[in-house]
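There are 4 protein chains.
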Amino acid sequence: MKAFVMREIGRVGFVDKPVPKPGPNDAVVRTTRALICTSDSHTVHGGIGPRQDLTLGHEAVGVVADVGSEVRDFRPGDRVLVGAITPDWGQRAAQAGYASQSGAPLGGWKFSNTKDGVFAEYFHVNDADANMAKIPDEVADEAAVYCADMLSTGFMGAENGNIPIGGTVAVLAQGPVGLMCTAGARLRGAGLVIGVESVPARQELARTYGADEIVDFSKEDVVERTMELTGGEGVDAAIEALGADLTFQTAVKITKPGGTVSNTGYFGEGEFVQIPRVDWGVGMADKTIASGLCPGGRLRMEQLLRVLAFERVDPTLMTSHTFPFDQMEQAFEVSDKKLDDVVKVLVTF
Amino acid sequence: MKAFVMREIGRVGFVDKPVPKPGPNDAVVRTTRALICTSDSHTVHGGIGPRQDLTLGHEAVGVVADVGSEVRDFRPGDRVLVGAITPDWGQRAAQAGYASQSGAPLGGWKFSNTKDGVFAEYFHVNDADANMAKIPDEVADEAAVYCADMLSTGFMGAENGNIPIGGTVAVLAQGPVGLMCTAGARLRGAGLVIGVESVPARQELARTYGADEIVDFSKEDVVERTMELTGGEGVDAAIEALGADLTFQTAVKITKPGGTVSNTGYFGEGEFVQIPRVDWGVGMADKTIASGLCPGGRLRMEQLLRVLAFERVDPTLMTSHTFPFDQMEQAFEVSDKKLDDVVKVLVTF
Amino acid sequence: MKAFVMREIGRVGFVDKPVPKPGPNDAVVRTTRALICTSDSHTVHGGIGPRQDLTLGHEAVGVVADVGSEVRDFRPGDRVLVGAITPDWGQRAAQAGYASQSGAPLGGWKFSNTKDGVFAEYFHVNDADANMAKIPDEVADEAAVYCADMLSTGFMGAENGNIPIGGTVAVLAQGPVGLMCTAGARLRGAGLVIGVESVPARQELARTYGADEIVDFSKEDVVERTMELTGGEGVDAAIEALGADLTFQTAVKITKPGGTVSNTGYFGEGEFVQIPRVDWGVGMADKTIASGLCPGGRLRMEQLLRVLAFERVDPTLMTSHTFPFDQMEQAFEVSDKKLDDVVKVLVTF
Amino acid sequence: MKAFVMREIGRVGFVDKPVPKPGPNDAVVRTTRALICTSDSHTVHGGIGPRQDLTLGHEAVGVVADVGSEVRDFRPGDRVLVGAITPDWGQRAAQAGYASQSGAPLGGWKFSNTKDGVFAEYFHVNDADANMAKIPDEVADEAAVYCADMLSTGFMGAENGNIPIGGTVAVLAQGPVGLMCTAGARLRGAGLVIGVESVPARQELARTYGADEIVDFSKEDVVERTMELTGGEGVDAAIEALGADLTFQTAVKITKPGGTVSNTGYFGEGEFVQIPRVDWGVGMADKTIASGLCPGGRLRMEQLLRVLAFERVDPTLMTSHTFPFDQMEQAFEVSDKKLDDVVKVLVTF
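Protein chains in written order, with the working numbering: chain X, 1 to 349; chain B, 1 to 349; chain E, 1 to 349; chain A, 1 to 349.
Written out as structure tokens, the structure is:
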């Protein structure tokens, strides 16, 4: 079968690979739709070290092609969503409630990291009963595929923010994850959602997904403006959705004492992520710093599909580009180089 | 001043009372709008025992008339919302996070219980800095007054339900509190909200406030239908919004193992509230039973006002009747006897 | 092999059964020590319905005899503890944090319920990597075996009670689970632990495990005495460790507003478990009713073994009787009929 | 009356001040015992900026001398403990559950910060009903005084660490706060407590208060040794009890994914507190960073006094030196310059 891989650091391309075979607990899925993620770019540019001919991609939906002997709930032909993160659910960290960390730090992240990803005609799913969900008829593949990572990560950002009904939230950066943090903040009942973003098209999407106010960091001081919008108090939750040290520092500054800095960003550079000491209340202001990795698993995926089935959020507005799988190289370039005001690139199979 | 009181059990009427005076920490508010609550009827009919000439009412907004020497943040002329529950914030239960229980079980409930209520030209507010909130210009009095009890209690029902994003919720009964439980479930991100109700007008309001499905208990079996709607699993949260033993039992039955029965109802009768033993998993199914009394306090009121200011919910749709204060006897009768498809009666001053 | 079974309701005895074989994810363990539980009696007397030749027992330790192809962390010869509850960790309820409810209400309870138990020369463990733990050298089998159910259930009672450091706790009944609730309350930092018990030997054990005060319900009024001991406030947590409606009612009565009734008891009789309405604050006193089923899993077992390895608690004081496996009928009778001041019966293999 | 003050940055001494008068909600207490804290030194050396003749000290017990008109629960002659932090309980942050942040970041910290402290013959207590607790007869003043800050802060470090029963904890630094973190970790049920400390006398105290293992950072690598002690996993909670950037970094490194870095330290220097990026799982390893300021309030103080009354912990072992108040200058020097293996200096009045 055809797979779109990272040949080596900095180089991508197609290679032929055998169709994977399922172990006793596994499934093999025929891919129908996938999305390209910024972290695919991180990976290609060396973020997780060297890889050779590793299939890229972790956001996909498809149709079950084959299942192992122990799989009880899925059969070939089932239309399924697979989480980007596919934990080992029996492992200690999963038993403690942190499935994404099962087996190792970020150990639930297997696709295009410790095994082949989903940018291929078929892909392999470990612990299939636990990591796949059937897609309801009323949800299209091109919507469902957003649950794998974008909704799951974005909503986690809001959930970790511990937002009270009527609370105040700032979401720093309105890329696809940030937009879903914004939607997530609204889903948790935030009374005021501030979207921080400078790109007009993303500002517009942020408003659509629920931002009440937009702060353009290229034109105004984010700390000052947020304080103004919150009566000088700061926000209940500041959600970092970029993965940049400066943005993180801003998040700490605008969070009220007793509030939460909720991190969703992948920090790819530098020795340290820096907490501004005085703004953190010299370590005593009850400003919690929470973080996490996209939750996976069947239950999570079913909950997210319900959000789509009952039309709470329409993620397809983020699809700025669509390419067939055989134009994967162009598709990847658009996403990688952020060409043409790209938000999210959908790949069809 | 004129006050609408409970003369004795079963009898209401107007009496003249002196305008109250504030102690050092208190305020006196000139009433502008009030709402009549079912619990006013409970009280009049003897629910909390005999009272003589006790001013009724606990849901009101108004304008500050006078403040005590220690009040720092409010001045005469301020337009304010006062929570139905006005806790002593320094008391043990408040320090433990249960302010509504300060001083005694339900001790935060003072209006029309342990002191005169708000159905009068003026009313007294203890611990004014802690129990009042300024109403923003963009929120009208007739909307703000719903925050005092209806939004606060209803949203509490949803919050205590511990609803995950995309989770499933049933709200049993769609009176004013139940309707705000429904709205609250949506504000917490529920993926499926089931409203249980038989009255068509309330079914309609339930849909408006966010119920995805209506179950009419007069026409179908609630347990059976809820199981059907949730794939046989039961709901993540069943919110009791009536205060009836049978409804409570249904709530336990339709809650999934690991889910929550969230009670907002006032149980006015019988020696026991009964948990169906087998459906409760013989005491081992992790079905938590949560309960509470309307949260009060300045912070809560400010959060709820933000929900209105940013147009998340429009509670005025529940105002089925409006009367001026001098027609309070008729107003009370409509609410008390549930005449004329009443949902909520607004009183203007 | 020899297995001690429930022949039918009301009748026990030995039968010969084949040594079980592991599936791909499973293990087979050669039993070395087991404990008899009150719920074995419940089962024999029909509590979970008819069973034919079902091997009894769910508390055991042993040595791994065989493992399936997918088991990674255990090998024949490993000395292991197996939780009484052996969840399917990939199942929805487990992903939601309620593993004991995986697959069905109480679905994690498989031994001597939905499959053969541990009172046999060998027993079968599903999902072995997730449900077994290696026993450290410094912990003897006769201590480790208490982790399977007694420590796990008892400590859960304390954990669910949400006890603050310095908080007040009452544990109602000081059988083996109640004694471990008492120990658990101390492990969570309770400032005052009240043990309710009438049997002198159990009162003595309660003191040893950390009860500061003993209330003998046969001699004094539990509600009155508890109120006296807590300055009229009631306790932060009342832990039910018997499974009796009256005890449950007492638990509700002695819990302060904002406190927790934590249930560990198995309620075997009656249509309802009854909440005293007024003492529950007519449904509005923030008295949470929590419940659960013994947590299982490798992580939990490892944590409990650490409690033993570092000598926080010595459960072997509860071993009142020891029998070899071939005297299982006598052993069972002692436990079943509560002969000879029995607390807990250890079985050696 | 005599008061021991900070004359200006770097200079301390006695001055005469009038005995304070209580406002309506306040009390005045005659001091009987006090403790000197490292943060008194921070203050004197300019940590919170210039102050002129500010009375130092925030840890004290005494006898009520006078109360305001609104104080209901205390009378002159009552023997009382006052929390180091005396929040405004009606303020927003307190209503949100973060009383120490009431009014402003660290706003509950009033003594020797925004008003005169307790190193005087009398001191003033705001919101007396909410911020004082009666000392039970069985607790001596010299023990009770440790509750004001040492027990409250130390136990908070453990509580914020979200320690499971049988979990693993490291406490970094065993000064008085660190020692009470160690005691607190034991009170929460930790299965393994690792104390990091190089001073032999403090190592010894750490063992007494519950450390199972001591890691001497002057002789071994803390990260390596902690990983060894935890089977390569890291700890469930790493409690920072020093306030140093390097210690904080170590805490992040030794915390397992899904675990908590719980900060109790006051960070007095530098622009940033630095999170080691890779060890923090590039922002995605679910390593929560919690922090807080010593909880105050009557309920907290009563809970801590119960810990002493029921002999869970004996804090007086930390009293290395005792001075009468008129030798306050020497007393302060011993504490400030860390002379003579000082742990904690008690002052008698």
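For every residue, glycine included, the Cβ atom is placed at its ideal position computed from N, Cα and C. Just so we're clear, the structure is a prediction, and the values are computed from it rather than from any experiment.
Determine which residues share a DSSP beta bridge with residue i and list them.
i      : result
T168/X : L192/X
E302/X : Paired residues: none, contrary to the question.
H365/B : No statement about residue 365/B is possible, as the shown extent of chain B runs from 1 to 349 and does not include it.
T55/B  : V5/B
S323/E : Ser is not the amino acid found at residue 323/E; the sequence shown has Phe there. Paired residue(s): V347/E.
L81/A  : V61/A, A133/A
K287/A : DSSP, once it has assigned bridges, lists no residue as partnering K287/A.
F111/B : K115/B
I36/A  : V345/A
E213/E : I194/E
Going by beta carbon distance, what residues of the same chain come within less than 8 Å of residue i, once the five residues before and after it are set aside?
i      : result
V145/X : R33, A34, L35, E59, A60, V61, L81, L346
F272/E : D245
Classify residue i: buried if its beta carbon has 16 or more other beta carbons within 10 angstroms, exposed otherwise.
i      : result
A285/B : buried
H124/E : buried
G281/X : buried
V15/X  : exposed
G283/E : buried
S112/A : buried
G270/E : exposed
A93/X  : buried
A201/A : exposed
D358/X : Here chain X has residues from 1 to 349 only, and residue 358/X is not among them.
In chain order, what residues of the same chain lie with their CB nearer than 6 Å to the CB of residue i, ignoring the 5 residues before and after it?
i      : result
V261/A : A238, A251, V252, T255, I289
D279/E : V252, K253
L151/B : M180, L304
T168/E : L192, T230, V235, D236
G46/B  : I9
Considering only residues of the same chain and omitting the five flanking positions on each side of residue i, which have a CB-CB separation below 7 Å?
i      : result
C181/X : G154, G157, A158, V171, I239, A241, T264
V196/B : A170, V171, L172, A173, V215, F217, V222
P257/X : G281, A285, D286, K287
V64/X  : A27, V29, F74, R75, P76, G77, D78, V80
E302/A : A133
Y266/A : S39, H42, G243
Can a CB atom of chain A be found closer than 8 Å to the CB of residue i?
i      : result
G90/B  : yes
L172/B : no
N113/X : no
P164/E : yes
E433/X : Coverage of chain X is limited to positions 1 through 349, which leaves residue 433/X absent and any answer about it impossible.
Between residue i and chain X, is the shortest Cβ-Cβ distance under 8 Å, so that the two count as touching?
i     : result
P24/E : yes
G97/B : no
Indicate whether at least one CB of chain B lies closer than 8 Å to the CB of residue i.
i      : result
G77/A  : no
K287/E : yes
R188/A : no
V177/E : no
Does the beta-carbon of residue i, which I'm using as the reference point, lie nearer than 7 Å to any heavy atom of the ligand GTP?
i      : result
Q330/E : Within the structure as shown, the ligand GTP is missing, as the structure has no ligands at all.
Would you say residue i reaches chain E, if we count a Cβ-Cβ gap shorter than 8 Å as a contact?
i      : result
A84/X  : no
L293/B : yes
**Request:** Just list the beta strand (DSSP E) runs in the stretch 130 to 175 of chain X, keeping only unbroken ones of 3 residues or longer that don't cross its boundaries, in chain order.
**Result:** The stretch 130 to 175 of chain X contains these whole beta strand (DSSP E) runs: 132 to 134, 168 to 172.
**Message:** Going residue by residue through the stretch 221 to 280 of chain A, where are the continuous beta strand (DSSP E) segments of at least 3 residues, counting only ones entirely within it?
**Reply:** Taking only runs of at least 3 residues, the beta strand (DSSP E) segments lying wholly in the stretch 221 to 280 of chain A are 235 to 240, 255 to 263, 272 to 276.
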